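Notes follow once the structure below has been shown.
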Amino acid sequence: MNRAEAELKLKQIFGIDRFYDEQWTAIDKIFHNQRVLMIQKTGFGKSLCYQFPATQLDGVTIVFSPLIALMRDQVNSLNEKGVAAKCINSNQTPEENEQILDDAKNGNIKILYIAPERQGNLSWQETVREIKVAMVVVDEAHCISQWGHDFRPDYRRIVDLVKILPENVPVLAVTATATERVQNDIQEQIGRE
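Counting from 1, position 144 in the sequence shown corresponds to residue 143 in numbering that gives the first Met the number 0; the numbering is continuous, with no gaps.
Next comes the structure, spelled out in structure tokens:
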């Protein structure tokens, strides 16, 4: 898909006329099955760099996000636009979370938001192998790095999922800030390119 075609779909789905050049660069790399680290300030529109491709890719985009309130806001916004999105979190009942996982396995969701801590859950570990994963997104990716100001050990477990995915599954790591040491660590964690 070229940029002109993508921007027509962007207008239809999101009501936005065009991508910033940096957004399109990241999206184009995702469409070419690459792994991308995007460092942009808050408010830049990093979420569009995975939400738009998720609507075009075959399968479920899994977004690891540390904040339940942010997950809910994004899910609500996407659902209002007609994009099937859900989140799994500790504020929902186990039955609700299991139903969402079933929906993901059955291809009824385009975007699934999940907390990094869920990587330690055996039910999740088994279920994710049955989901057709289109892309993996690591929001607040600086949390992966032991050199980051907000290191969270559960973020390291995301790498375990990335390692079992086929090489052609794109990975997008996004953050607003990262020192060079943190950038290098993130790139090493998500692998290649």
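Using N, Cα and C, we set each Cβ at its ideal position, and we do this for glycine too.
None of these values were measured; they are calculated from a predicted model.
Could you pull the start and end residues of the beta strand (DSSP E) that residue i belongs to?
i, result
"Leu-36", "34-38"
Just to check my reading of the structure: residue i and residue j have Cβ atoms closer than 8 Å, yes? What is that Cβ distance to the nearest angstrom?
i, j, result
"Val-181", "Lys-45", "Wrong, their Cβ atoms sit about 16 Å apart, outside the cutoff."
"Ile-113", "Ala-84", "Contact flag wrong, Cβ pair sits at about 12 Å."
"Asp-159", "Gln-118", "7 Å"
"Val-82", "Ile-12", "7 Å"
"Tyr-154", "Pro-115", "5 Å"
"Phe-30", "Met-70", "Contact doesn't hold; Cβ gap of about 25 Å is too wide."
Just to confirm before moving on: does the CB-CB distance between residue i and residue j stay below 9 Å?
i, j, result
"Thr-60", "Leu-111", "yes"
"Pro-152", "Asn-32", "no"
"Asp-16", "Lys-8", "no"
"Asn-78", "Asn-88", "no"
"Val-127", "Ile-157", "no"
"Arg-34", "Leu-171", "yes"
"Val-137", "Ile-99", "no"
Taking the continuous alpha helix (DSSP H) assigned at residue i, which residues delimit it?
i, result
"Cys-86", "Not the alpha helix (DSSP H): Cys-86 falls in the beta strand (DSSP E), residues 84-87."
"Ile-143", "Here Ile-143 belongs to no alpha helix (DSSP H), and DSSP marks it neither H nor E."
"Val-74", "67-79"
"Thr-126", "121-127"
"Leu-164", "No alpha helix (DSSP H) holds Leu-164; DSSP gives it neither H nor E."
"Tyr-49", "47-55"
"Asn-107", "Segment: none, Asn-107 is in no alpha helix (DSSP H) and carries neither H nor E."
"Ile-185", "179-189"
"Gln-11", "2-13"
For residue i, write down the residues that DSSP places opposite it in a beta bridge.
i, result
"Val-173", "Met-37, Asp-138"
"Leu-100", "Leu-100 is not bridged to any residue."
"Val-62", "Tyr-112, Val-136"
Considering only the alpha carbon of each residue, which of the options lies closest to residue i?
i, options, result
"Glu-21", "Phe-51, Gln-39, Ile-67", "Gln-39"
"Val-36", "Gly-42, Phe-43, Ala-25", "The amino acid at residue 36 is misidentified as Val; the sequence shows Leu. The option with the nearest alpha carbon to Leu-36 is Ala-25."
"Leu-175", "Gln-186, Glu-139, Pro-165, Pro-169", "Reading the sequence as shown, one finds Ala at residue 175 and not Leu. Considering only alpha carbons, the answer is Glu-139."
"Gly-42", "Tyr-19, Arg-128, Arg-2, Asn-96", "Tyr-19"
"Val-132", "Leu-121, Lys-162, Arg-155", "Lys-162"
"Gly-223", "Gly-106, Asp-72, Ser-76, Gln-91", "A query on residue 223 cannot be resolved here, the shown segment of the chain reaching from 0 to 192 and no further."
"Cys-48", "Trp-123, Glu-6, Gln-98, Ile-189", "Glu-6"
"Val-62", "Gln-50, Met-0, Pro-165", "Gln-50"
"Pro-65", "Leu-56, Asp-57, Glu-179, Cys-86", "Cys-86"
"Lys-104", "Ile-130, Pro-93, Arg-2", "Ile-130"
"Pro-52", "Arg-71, Ile-67, Asp-27, Leu-69", "Asp-27"
"Gly-58", "Glu-125, Gln-124, Thr-178, Asn-167", "Asn-167"
"Ile-67", "Lys-80, Gln-91, Trp-23", "Gln-91"
"Glu-125", "Asp-101, His-141, Gly-106", "Asp-101"
Distance cutoff 9 Å, beta carbons only. Does residue i sit that close to anything in chain D?
i, result
"Ser-144", "No chain D appears in this structure, which consists of one protein chain only."
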